[in-house]
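**Student:**
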Amino acid sequence: MTANAIEREARELVHHLAIGLQDPLGLSSFSPSIYDTAWLSMVSKEGDSLFPQCFQYLLDTQQNDGSWESYSCPLDGIMNTMAGLLALQTKAKSLLIPDSNLISRSSRAETALRDMLQAWDISSCDRVGFEIIIPALLLLLESQGVKMDFPERNRLLSMCECKLSKLKPKLLGNTQSTLLHSLEGFAGILDYSTVKHQKSNYGAMLGSPSSTAAYLMYAPEWDPQAEEYLQKVVEQCAVAGVSRGVPSAFPTSIFEITWTIVSLLESGYTREDLGEESLTKLGDELESTFTKENFLVGFAPDCLPDADDTAMTISALGLLGRPTSVDQMLSEFEGPTWFRTYSGERNHSFSANCNVSLCLLRRADSFEHTREIVKCTQFLADSWYTNKTKDKWNVSEHYSMMLLAKSFALFLSRWGSDQLEDGKIPFLLIHQQIPVVILDILLRTLDRQEEDGSWAHEHEVTAYAILTLRALLQLSWIQSHQPEILSRISKGQEYLHQKRSNWTKGSYLWIEKVAYSSSNLSFAYCLSATKISPTSSPTDTPSLKISSLISIPQKKLSAFQSFFSCLPPFSSLPSYKISLWLLQASLFVPALSKHRFDIFARKNVSEDKYLQYIPFTWIAISGGGSRLGLQIQWEMMRFSLLMYQIDEFMEAVVGGEMHRDLDWVRGVVREVCRSGIWEGTTGKKRGFEEEHEGDMEGVDTHEKSNVDHTKSKARKDVRSTLTNFTSHILTHPRVASSPTWLRSWLIQELEIFLLSHITHISQSQEFFSAFQTAPSETATSPSIPPLLPQPYHTWIHTTGSNTTSCPFSFTFYLCLLPFPGTLFLASGLPRYLVQSMCRHLAIMCRQHNDIGSVARDWLEGNLNSVDFGEFTSLDVGGANLDAVRKAELLKVADYERRCLEQGMQELGKVVDGDVMQALRVFVEVTDLYGQIYLARDIGVKVQAAKTMTK
């Protein structure tokens with residue numbers, strides 16, 4: 001399709017919208033709603049059906065199994081089928097002579113509904129007012145002799161009772177509320193005459209055909225204006241005089257006009273392209289309505305105002321050269337940490353906050369609104385970090401990503417050109433969160449493109465994704481990836497052109513009581529996506545401020561990319577993924593570095609080069625934030641840093657300065673893990689002085705008098721460090737709020753972990769003392785080592801694997817996961833299986849670590865797996881001894897991997913799918929560290945050789 005043809009179609013769409021406004025009621029391109037149509041089919045006047053064509057539509061759309069269509073989720077099918085069944089029962093009861101066809105249809109619908117309710121998971125539902133509407137439908141069906149029992153019934157009724165007690169009084173006030181959109185949910189408990197004054201000036205109850213139908217049915221007096229509204233809706237939605245059902249909302253003029261104008265103008269169409277005359281008509285109508293309704297509007301005139309439509313109206317007017325005030329919007333919808341869609345709203349809307357942010361960022365006075373922009377942006381960034389981006393109004397993740405990409409890209413553009421007030425922007429937000437999220441959006445969008453060039457095999461979703469990629473092209477950090485991105489855009493546009501005939505056939509992506517599609521919006525987004533040139537990138541000179549946000553040297557980036565691309569998990573991946581993950585990971589390094597000295601002084605150790613690896617391990621395995629929330633990843637990055645540091649501390653300080661005092665250190669470990677440092681469930685941290693008041697060195701008076709000052713100081717430092725370490729872990733907010741069984745498990749693993757370190761130090765001392773001299777850099781492992789007190793199998797299943805921190809880290813990780821998802825692991829077979837799995841993982845990790853650190857362990861006097869007789873007694877046949885031992889140890893590690901994989905399979909049979917995905921992330925991250933050690937030792941060297949017990 002040529003550029004002129006695309007522009008012509010865009011002009012025709014805008015003209016179509018302008019023509020639609022000529023009707024007094026307005027316009028709507030929403031798809032037919034079986035649910036709403038069923039309600040209209042039940043309206044009767046003087047004993048006769050008022051809308052027989054609606055009942056016929058129900059008959060035409062009933063499926064063979066008796067149900068009605070589930071548009072985008074099971075709840076859609078449940079609500080459609082409940083309303084459809086109720087309509088069939090109502091019709092059948094109104095007939096003097098039974099109709100066998102209706103009886104058969106009702107029977108099949110009832111059977112289908114029972115099956116749907118049996119499988120229904122309430123926790124997955126997010127439709128408007130379902131917890132009120134479905135209980136009302138259940139009662140109405142029971143009045144017709146149809147009772148439905150299902151597993152979630154009692155829970156649903158409790159939710160309904162709780163919500164009704166809070167919301168019903170709002171219906172009786174003088175101001176509109178969102179409840180007016182769902183009046184059918186109050187059948188039998190509301191005097192409908194009390195809401196008559198809440199009608200719009202054209203007779204609708206908040207633009208809802210089903211709500212208006214219920215009002216007309218149950219009000220004590222007939223309302224001619226409501227009837228007239230429904231008649232007009234039925235007439236306008238008819239095609240060639242034949243009813244095709246009514247939509248879930250009518251009219252939706254403001255919503256469809258503003259979304260269309262903003263999308264088309266921001267994607268490159270000019271006013272001339274779209275037709276100045278039509279745009280003027282639309283602008284006049286928007287401006288008039290906006291002024292008339294006191295600068296706050298809803299999805300149609302005379303509807304309850306909301307932040308979403310208000311923000312988009314302000315944006316549309318601004319793009320049409322008609323700037324207007326945002327003061328009313330800010331006053332009405334601003335909350336403590338986000339913007340509400342409606343006044344009094346309990347749950348946030350992700351997309352509404354994107355649109356408010358974009359509205360403010362598009363304005364010439366963005367500097368004056370920095371505070372409000374930052375509020376939105378911080379909320380959006382935090383939502384992304386915690387995987388709380390599921391939107392209330394659109395089911396596609398690509399819609400949310402498109403809006404967020406536009407918002408964050410524009411935020412950076414304004415910041416880079418000093419159009420935002422720097423002093424009001426949090427450092428972490430601009431220097432980490434926004435760039436990390438932008439790269440995450442880019443990764444997810446590229447990763448989710450199908451072979452045919454589409455996203456989700458849907459033309460409207462494909463348009464969202466193309467517009468997302470275009471918004472990110474301007475960023476200088478991804479210049480090297482622009483050819484890849486432009487190629488993806490081109491493939492997506494080819495798909496859209498192939499599906500040209502479907503552009504006006506929207507997908508069921510938008511959320512109402514049931515999902516719906518919009519032909520106008522689908523058309524607008526497809527036109528916007530195909531307007532973009534796939535052969536050119538932005539020509540604006542990148543801001544130095546923006547470019548400096550990610551400043552990893554190209555040489556360093558290339559070196560890391562080359563290294564990681566050789567590791568098994570990444571060897572078959574496209575290079576852009578590893579590169580973008582490295583950029584993401586680099587943004588966490590500065591923040592991680594700031595925590596280097598939170599607890600440990602890091603004495604006698606070399607450079608902590610693992611800082612450069614930790615963020616990448618989590619980011620890469622988690623696919624950015626797609627498999628595991630970025631906030632949990634950040635917590636595990638900090639925890640991983642602590643694990644490296646406690647390992648350094650135990651080797652350099654406990655194994656060095658305290659190597660003759662290990663029994664005392666064991667006592668301290670037991671004390672700090674079992675004492676009152678962690679008080680009950682409150683996570684209260686007792687201060688060090690309070691904990692050890694009158695016992696400065698932690699020893700009794702007689703002992704204190706016999707130890708020298710150096711030893712006393714060393715003991716005090718060790719006690720203080722171990723106290724702070726354990727307190728830091730056990731008072732972590734997520735640990736403190738975890739269930740008792742999990743906290744107890746964590747404390748057990750913490751003590752085992754620390755005591756195993758001490759045991760390993762003792763075993764290393766005993767092993768190397770047999771050589772009478774400390775190991776030298778030129779020495780190699782002895783061919784006939786001293787006899788160790790345990791077989792290797794026993795050692796690796798206890799001390800050897802416990803010192804990896806894997807079992808301890810795993811229980812801490814479980815504390816970070818959403819509860820009650822982890823409740824499966826509290827006891828019984830799942831608990832046993834997960835601990836067995838973790839043990840195999842820890843063993844494999846230790847073996848990979850040992851293979852990679854043979855030389856360093858020998859130099860520093862650390863007992864290594866290859867030092868055990870099971871490996872030193874191998875017949876090397878003239879080959880290199882260390883090489884043979886490493887190869888044999890790798891065979892053992894491969895066996896442990898097979899055990900691990902079998903354990904994961906068994907665990908997957910008894911554990912929830914979401915939890916299993918989180919567990920797989922932990923396993924794969926831990927495995928990645930092993931792969932890294934096999935290729936490169938990233939541990940630190942203990943600079944001062946530990947004194948050996950001779």
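The opening position of the sequence shown corresponds to residue 1 in the UniProt record's numbering, with each subsequent residue numbered one higher. Yeah, the Cβ is synthetic: ideal placement off N, Cα and C, and Gly gets one too. Remember, predicted model here, so these are calculated numbers, not experimental data.
1. Return the chain-ordered ranges of every alpha helix (DSSP H) run that is complete within the stretch 624 to 654 and spans a minimum of 4 residues.
2. Among ASP382, LEU230, GLU7 and ASP36, which residue has its Cα nearest to the Cα of GLU272?
3. Span of the alpha helix (DSSP H) holding GLU345?
4. State the DSSP-derived secondary structure class of SER70, mapped to helix, strand or coil.
5. Taking VAL128 and SER182 to be in contact with their CB atoms under 8 Å, please state how far apart those CB atoms are, rounded to whole angstroms.
6. For TYR269, name the three-state secondary structure that DSSP assigns.
7. Excluding sequence positions up to five away, which residues of its chain have a Cβ less than 7 Å from the Cβ of SER548?
8. At which residues does the alpha helix (DSSP H) containing LYS292 begin and terminate?
9. Can you list, in chain order, the stretches of the alpha helix (DSSP H) that have 4 or more residues and sit fully within the stretch 714 to 759?
10. Kindly give me the distance between the Cβ atoms of THR258 and ALA524, rounded to whole angstroms, as I take these residues to be in contact under 8 Å.
11. According to DSSP, what are the bridge partners of ASP48?
12. Got a sec, what are the start and stop residues for the alpha helix (DSSP H) MET329 sits in?
13. Count the other CB atoms within 10 Å of the CB of LEU787; is the residue buried (16 or more) or exposed (fewer)?
14. Mapping DSSP to helix, strand and coil, what is ALA515?
15. Going by CA-CA distance only, name the one from GLU397, ALA456, PHE367 and GLU451 that's closest to LEU412.
16. Buried or exposed: where does residue 1005 fall if 16 or more other Cβ atoms within 10 Å of its Cβ makes it buried?
17. What's the C-alpha gap between PHE250 and ILE747?
18. Across which residues does DSSP place TRP510 in a beta bridge pair?
19. Can you tell me which of ALA187, ASP608, LEU628 and CYS160 puts its alpha carbon nearest to the alpha carbon of TRP384?
20. For ALA935, which residues of its own chain have a beta-carbon under 6 Å away from its beta-carbon, when the five flanking residues on both sides are left out?
21. How big is the Cα-Cα spacing for TYR215 and LEU410?
22. Which value, in whole angstroms, describes the spacing of the CA atoms of THR2 and LEU496?
23. Could you check whether GLU397 and ARG346 sit closer than 9 Å to each other, using their CB atoms as the reference points?
24. Mark ALA112 as exposed unless 16 or more other C-beta atoms lie within 10 angstroms of its C-beta, in which case mark it buried.
25. Is it the case that the Cβ atoms of PHE725 and PRO807 are separated by a distance below 9 Å?
26. Contact between the stretch 74 to 88 and the stretch 113 to 120: three or more CB pairs below 8 Å?
27. Report the option in LEU823, GLY66, GLY869 and LYS886 whose CA atom is closest to the CA atom of ASP912.
28. Between ILE619 and the rest of its own chain, which residues show a CB-CB distance below 6 Å, the 5 nearest in sequence each way excluded?
29. Between PHE810 and the rest of its own chain, which residues show a CB-CB distance below 7 Å, the 5 nearest in sequence each way excluded?
30. Just checking my contact of residue 953 with GLY318 at CB under 8 Å: how many whole Å lie between their CB atoms?
31. Going by Cα to Cα distance, which pick from LEU742, ALA18 and THR798 is closest to HIS760?
32. DSSP three-state label for GLN474, please.
33. How many angstroms separate the CA atom of LEU890 from the CA atom of ASN154?
34. Spatial neighbours of THR701 within its chain, please: CB distance less than 6 Å, with the 5 preceding and 5 following residues excluded, ordered by chain position.
35. Quick check on the DSSP output: what are the complete beta strand (DSSP E) runs of length 3 or more inside the stretch 798 to 831, in order along the chain?
36. Using C-beta distances below 8 Å, list every residue in its chain close to GLU46, excluding the 5 sequence neighbours before and after it, in chain order.
**Tutor:** Judging by the given coordinates:
1. 630 to 649
2. As a first step, residue 272 must be located in the sequence shown, where it is residue number 272. Nearest of ASP382, LEU230, GLU7 and ASP36 to GLU272, Cα basis: GLU7.
3. Residue mapping note: residue 345 aligns to position 345 of the sequence shown, counting from 1. Element bounds for GLU345: n/a, residue is neither H nor E.
4. Along the sequence shown, one-based indexing puts residue 70 at 70. Residue state, collapsed to three classes: coil.
5. Position 128 of the sequence shown holds residue 128. Position 182 of the sequence shown holds residue 182. Indeed, because the Cβ distance is near 7 Å, the residues count as touching under 8 Å.
6. Locating residue 269 in the sequence shown gives position 269, counting from the first residue. If DSSP states are grouped into helix, strand and coil, TYR269 belongs with coil.
7. What you label residue 548 is simply residue 548 of the sequence shown in a count that begins at 1. Around SER548: no qualifying Cβ.
8. Within the sequence shown, residue 292 is the residue found at index 292, counting from 1. Start and end: 276 to 292.
9. 733 to 736
10. In the sequence shown, residue 258 corresponds to position 258, counting from 1. In the sequence shown, residue 524 corresponds to position 524, counting from 1. Not really, about 11 Å apart at Cβ, beyond 8 Å.
11. To locate residue 48, count along the sequence shown from 1; it is residue 48. Answer is LYS45, bridged to ASP48.
12. To locate residue 329, count along the sequence shown from 1; it is residue 329. Looking at the DSSP string, the run of the alpha helix (DSSP H) that includes MET329 is 327 to 333.
13. As a working mapping, residue 787 is identified with position 787 in the sequence shown. Result: exposed.
14. As a position in the sequence shown, residue 515 is number 515, starting the count at 1. Strand.
15. Counting from one through the sequence shown, the residue named residue 412 turns up at place 412. The candidate whose alpha carbon is nearest that of LEU412 is PHE367.
16. Lying before the first or after the last residue shown, residue 1005 is absent from the chain, which here runs from 1 to 950.
17. By 1-based counting over the sequence shown, the position of residue 250 is 250. By 1-based counting over the sequence shown, the position of residue 747 is 747. Distance between the alpha carbons of PHE250 and ILE747: 59 Å.
18. Sequence index remark: in the sequence shown, residue 510 carries index 510 (1-based). Its beta-bridge partners are ASN394 and TYR516.
19. One-based indexing of the sequence shown puts residue 384 at position 384. When only C-alpha atoms are compared, the closest one is LEU628.
20. Here residue 935 corresponds to residue number 935 of the sequence shown, with the count starting at 1. Cβ within range, chain order: n/a, list empty.
21. What you label residue 215 is simply residue 215 of the sequence shown in a count that begins at 1. What you label residue 410 is simply residue 410 of the sequence shown in a count that begins at 1. Looking at the two C-alpha atoms, the distance is approximately 45 Å.
22. In the sequence shown, counting from the first residue as 1, residue 2 sits at position 2. In the sequence shown, counting from the first residue as 1, residue 496 sits at position 496. Using only the alpha carbons, I get a separation of about 13 Å.
23. Within the sequence shown, the letter at position 346 stands for residue 346. Within the sequence shown, the letter at position 397 stands for residue 397. Cβ distance not < 9 Å, so ARG346 and GLU397 don't count as in contact.
24. Start at 1 with the first residue of the sequence shown, and residue 112 comes out as number 112. So ALA112 ends up on the buried side.
25. By one-based count along the sequence shown, residue 725 stands at place 725. By one-based count along the sequence shown, residue 807 stands at place 807. It is not a contact, given that the beta carbons lie outside the stated cut-off.
26. yes
27. For the purposes of this step, residue 912 is taken as residue 912 along the sequence shown, with counting starting at 1. The shortest Cα separation from ASP912 among LEU823, GLY66, GLY869 and LYS886 belongs to LEU823.
28. Here residue 619 is taken as the residue at index 619 of the sequence shown, counted from 1. Contacts found: TRP581, GLN584 and ALA585.
29. Reading the sequence shown from its first residue, position 810 is the one you call residue 810. CYS838 and PHE922, listed in sequence order.
30. With the chain covering only 1 through 950, there is no way to say anything about residue 953.
31. For the purposes of this step, residue 760 is taken as the residue at position 760 of the sequence shown. Of the candidates LEU742, ALA18 and THR798, the one whose C-alpha sits nearest the C-alpha of HIS760 is THR798.
32. Here the question's residue 474 lines up with position 474 in the sequence shown. Here GLN474 sits in coil by DSSP.
33. Counted from its first residue, the sequence shown places residue 890 at position 890. Counted from its first residue, the sequence shown places residue 154 at position 154. Their Cα atoms are separated by approximately 55 Å.
34. Locating residue 701 in the sequence shown gives position 701, where the first residue counts as 1. Model confidence at THR701 stands at a pLDDT of 49, short of 50, so the residue's coordinates are unreliable; what they give is reported in the following sentence. Once the five neighbours on either side are set aside, THR701 has no close Cβ partner at all.
35. none
36. For the purposes of this step, residue 46 is identified with residue 46 of the sequence shown, where counting begins at 1. Answer for GLU46: no residue qualifies.
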